[in-house]
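Accompanying notes for the structure given below.
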Amino acid sequence: APAKKAAPAKKEAAKTIINIQFSGKSYTIADLEKIAKDVWKYDLGKKAADFKSAELYVKTEESQCYYVINGEVTGSFAI
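This note's numbering numbers the first residue of the sequence shown as 1 and each following residue consecutively.
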């Protein structure tokens, strides 16, 4: 029987980390996503499984992050 060929090695995508820094604070995109998910679950009382998407708008001059979750739920949280 012919030998099986090894699967080609997958090329890893380059990883980019974005940091938003202002007023001595620093947040990554992952930090803001986690806060939005926590707001969804704990502040709004929703199920984590129902969190499908989030649009986040950071306004450093206001120390606020505005969100649109699942295309319809809006609000903000302090950062």
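Ideal Cβ placement from N, Cα and C applies to all residues, glycine included.
With distances taken between CA atoms, N70 lies nearest to K52 out of Q64, K52 and V58. In the DSSP secondary-structure assignment, A78 is bridged to Q64. Apart from the 5 residues on each side of it in sequence, W40 sits with its Cβ closer than 7 Å to the Cβ of K46, F51 and I69 in its chain, given in chain order. Where A30 is concerned, the enclosing alpha helix (DSSP H) starts and stops at I29 to D38. Here K41 carries a helix assignment [DSSP, helix/strand/coil].
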